[in-house]
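What follows is one structure encoded as C-alpha cells, with my remarks underneath.
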C-alpha cells in the first residue's frame, strides 16, 4: 500500500505512536493543567516544556506560540483579531490571494459581508502570486490594508511563494501579513522569525501529531484577540482546558520532523526523476506549477482529457492512494480554484491528481506510483473521460 | 494516591486507554476524512459511527451534534451564533446567571462591550438560580432576549439547576436557552432531548476521552453560525480537518460512562456518609449548596477561617488531590464568584475546598479523604489562617 496523500493528512508518526503508547501504558500525568495541586503543575510543566520545544523548532519565541485545534482555528483567530464585524479606522481592505485554502477564502467572504473589500492579487501561470500586482495593491491602499493573506506553500501544487519577500513588501507598506504555513511546516525548511510574517499557523495532523492539534504563531501576541472565550488559558488568548496530550505530541512530531528533514532531499530527487520519467512516457502530461519552486514531496499532474477521478480510482485499485485536489473540494470533479487562478484550462484542470508524500515515505514509492500511473493512463486513454 | 479533582479534569478512562493502545499498535485508520479515496472514507465512516453512538447516549439526533475542541469552543460558538458584533433586531438582552463558568462570563462581557445588556438573575443561598427572578426578567424583556445562559450543574458546588424548568420558562417567553452541561455529562443522568435546552455542550477531558475534544449540541442546527472557518466540515458549521481520533474516543468514553452510571449511586451514598461524618466531627464546617440537589460526586466544603489552600496543601502531603475552586480561578485565594453569588461570607468562602470524584472512583476513597481532612483540620485549626 502506498499512501500518497500527506498534503491531506499524515499518519501518526512512529515517534508519536511510541510516545503515546508509553504514556498510556504508564498512566502518564493527567489533570487540569490550571489546577493548583502538584498533579496539575506536573501537567502544566510538561506542556510548557513541549511549548518551548515547538517554539525552538519553529524558530519562534515560546510566548509567540499558542496551542489550538489546528490551522483552521488559527486562520479564524487571525482574521477575527485583525478585522471586526464593524469596519473601523478606515482599514477596510483585505488582500487575499486566489490560491488560499477554503478556510481563508471563507473568512474573507465573511468579512466582505461585514463591509471589507476583498482584493485579489493576480496569480501567474506558474502558480506564484504576482508580486508586482501585490505591490500595486499595497501602494494604492496605503494605511488601509487590514490583512494580507498569502499562503507559504500551496496544498494542491506544492508551489512555494516568496513569503519572505512578501513579508518585506507588507512591512514596507505597513500591512499585517498572515502566511498560511500549514503545508510548509514539516515538508520544507521553516523558521517563523526568518520568514518575517506577522502570523503563521500549523496543523498537527499534517506532520504526524495527534489529530485536532495545532499552533498559531504571532510576532506580536498583543495584536491577537481570543476567538474562544475561557478561563484565561494561553495568556487569555485561547480559552478552554488545554489539550495537553495533543500538545505534547506536537513537540514529539516536530522533533521527529526536524530529525528527518534531510530525507526530504532524497524525496525531492526521486520525485524529479519520477516526473521526468512520466513526461518521457506521456509527453502530453502537464505538471502544474512545474516552473516554480515546489515542496519536495508534491506532484500535481494532469493528463489532459483523462479525468483525475478516473486516475485516482485506477490507482486505488492498485493500492495507491492519491487525491484529485484538496480534501475539502475533492468531491467536485471540476477544475480547482487554484488551477483556475493559474489560468489552467478545463481539459487539464479536470485531469489533475495530487501525489504527496511525507519526509519518512520511502522514496522508492515513486517507482510504484510511476508504474501505477502508466497502467492507469494506458487504460484510461482508450476511453474518452470527458 | 487519591485523585479528587474530576470536576477539573478526569484521567483517560480505561476503555479509552485500551482503545487507543489497540488503535496505535494496529496502525488504525488514518487519512483526511474528507478525502475521496477509500482510506478517507474509512476514517469518515468510523467517525460517523462514533457520532451516532455519541448522539444516542446523549439523547440527541446525529445531525444535532457537532464535534469540536471542548466546551469553551462550544460556548463561544453559541454566543457568536446568537449575538453579533452589531446588536440587531432589538434583541439586545443577555440573561446570564451569576454562577457560570468564566468562558460564559467572558463571552457575556465581550458582547456587553458590543452593546448588549448583561442581566443577572438572583442566585439563592442554596446555589440555585432564583426562578421567579428569572421569570421576571424574561417577562420584562419579552422578545428582546438574545440568550439565556444558565448552567446545568455547577463546577464548584455541584448544585444541579432545574434546567428543564428553565427551558420551559425560556420557551414560554421565546428566549433561546443555552445550558452549559459540561459538569453534568458523565456525572449524572443527561438526555439532550429531555432537558429541552436549545443548546448544550460537553468536554471530552471531563469524562475520560482524549483532551481537546468536545461536542456542541443544538436543537436546531440552522441557528448556528461557524466560529471556525473551513472547508465545509461538520456541515459547514465547524471548519478544520476533524479530530477523528479524538472523536472516536468520545464515543468510547460516553459508552464507558453509560456502562458505569449506576456506580454513581454508590458514590452518592458514600459521599453523604462522608459529609455526615465530617459534620459530626467538625460541627463548624459548612457544605456549600448542601440544601440543593447536587452531583453525586461533588462536595464543596469549608471550615470557616481555615484557609482552603492550606487544607489543599495538607491533603496533598497525604497524596490526596483536591482544589479550592475551579481550576481557572484556583490561584486566587479569595471567595469565588459562585460563592459570592450565594451570599457566602469571606470567612467561609476562603475556606472552601472542592472534593470531586468520578463514576469509577472507589467509593472507599471517601474514608481516606475523611481521615486526611481530620488530620488537616486538626493541624490547621491551631493556626489562624486569616
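Residue numbers (our numbering), protein chains in the order written: chain L, 1 to 386; chain X, 1001 to 1386.
From the three backbone atoms N, C-alpha and C, an ideal C-beta is built for every residue, glycine too.
Have a look at residue 91 of chain L and residue 78 of chain L and give me their C-alpha separation to the nearest angstrom. 15 Å
Chain L contact residues for residue 1349 of chain X, given Cβ-Cβ distances below 9 Å: Under the 9 Å cutoff, chain L gives no residues; its nearest Cβ is about 16 Å from residue 1349 of chain X.
Can you tell me where the alpha helix (DSSP H) holding residue 308 of chain L begins and where it ends? Its alpha helix (DSSP H) spans residues 308-317.
In this structure, what does DSSP give as the bridge partners for residue 1245 of chain X? Answer is none; residue 1245 of chain X lacks a bridge partner.
Span of the beta strand (DSSP E), counted from its first residue to its last, around residue 1354 of chain X: 1352-1356
Could you name the residues of the same chain whose beta carbon sits closer than 6 Å to that of residue 1134 of chain X, not counting the 5 residues immediately before and after it, in chain order? 1121
Does the segment 224-232 of chain L come within contact of the segment 311-322 of chain L, defined as at least 3 CB pairs closer than 8 Å? no
What I want to know is whether the C-beta of residue 1234 of chain X ends up closer than 7 Å to one or more non-hydrogen atoms of the ligand NAD. Ligands are entirely absent from the displayed structure, and the ligand NAD is therefore not among its contents.
Identify the contact partners of residue 290 of chain L in chain X, using a Cβ-Cβ distance below 9 Å as the criterion. Residues of chain X with a Cβ closer than 9 Å to the Cβ of residue 290 of chain L do not exist, since the nearest Cβ in that chain sits about 24 Å away.
Measuring only the C-alpha atoms, how far is residue 1306 of chain X from residue 1229 of chain X? 49 Å
Considering only residues of the same chain and omitting the five flanking positions on each side of residue 153 of chain L, which have a CB-CB separation below 6 Å? 160, 183, 184, 295
Have a look at L:177, L:204, L:211, L:203 and flag the residue whose alpha-carbon is nearest the alpha-carbon of residue 195 of chain L. L:177
Taking 8 Å as the CB-CB cut-off, is residue 299 of chain L touching chain X? no
Considering Cα atoms alone, identify which of L:103, L:145, L:142, L:246 is closest to residue 151 of chain L. L:103
Taking the alpha carbon of residue 1087 of chain X as the reference point, which residue from X:1285, X:1116, X:1303, X:1297 has its own alpha carbon closest? X:1116
Secondary structure of residue 382 of chain L, DSSP reduced to three states: coil
Using only alpha-carbon positions, find the residue among L:379, L:107, L:40 that is nearest to residue 1232 of chain X. L:107
May I ask you to list, following chain order, the residues of the segment 1062-1092 of chain X that have a beta carbon less than 8 Å from some beta carbon of chain L? 1068, 1069, 1070, 1071, 1072, 1073, 1075, 1076, 1079, 1084, 1085, 1086
Report the neighbours of residue 1357 of chain X on chain L: residues whose CB is nearer than 7 Å to its CB, in chain order. Those do not exist, as residue 1357 of chain X stays about 14 Å from chain L at its closest Cβ, beyond 7 Å.
In the structure shown, what three-state DSSP assignment does residue 1302 of chain X receive? strand
Kindly say whether residue 110 of chain L, judged by its beta-carbon, lies nearer than 8 Å to any beta-carbon of chain X. It does; some Cβ of chain X falls within 8 Å.
Segment contact flag, the segment 25-32 of chain L with the segment 1048-1056 of chain X, C-beta cutoff 8 Å, min 3 pairs: no
Looking at C-alpha atoms only, which residue of X:1173, X:1166, X:1181 is the closest neighbour of residue 1158 of chain X? X:1181
If you follow the alpha helix (DSSP H) that residue 62 of chain L is part of, which residue opens it and which one closes it? Careful: residue 62 of chain L lies outside any alpha helix (DSSP H) and carries neither H nor E.
With 8 Å as the threshold, decide whether the Cβ of residue 1173 of chain X is near any Cβ in chain L. no
Through-space distance from residue 49 of chain L to residue 21 of chain L, alpha-carbon basis: 20 Å
Any beta strand (DSSP E) of 3 or more consecutive residues that is wholly inside the segment 92-151 of chain L: Qualifying beta strand (DSSP E) stretches, in chain order: 93-96, 117-119, 145-149.
From this set, L:209, L:277, L:11, which residue's C-alpha is nearest residue 299 of chain L's C-alpha? L:277
Determine which residues of the segment 1239-1264 of chain X have a Cβ less than 7 Å from any Cβ of chain L, and write them out in chain order. 1239, 1240, 1241, 1243, 1244, 1245, 1246
Mind listing the chain X neighbours of residue 45 of chain L? Cutoff is C-beta to C-beta under 8 Å, in chain order. Under the 8 Å cutoff, chain X gives no residues; its nearest Cβ is about 15 Å from residue 45 of chain L.
Interface residues of chain X facing residue 37 of chain L [CB-CB closer than 8 Å]: 1005, 1312, 1316, 1321, 1322, 1323
Rounded to a whole number of angstroms, what is the C-alpha to C-alpha distance between residue 97 of chain L and residue 155 of chain L? 14 Å
For residue 1027 of chain X, the nearest candidate out of L:18, L:24, L:25, L:23 (CA to CA): L:18
When the Cα of residue 1372 of chain X is compared with those of X:1310, X:1360, X:1128, which residue comes out closest? X:1310
Which term fits residue 1171 of chain X, buried or exposed, when burial requires 16 or more other beta carbons within 10 angstroms of its beta carbon? exposed
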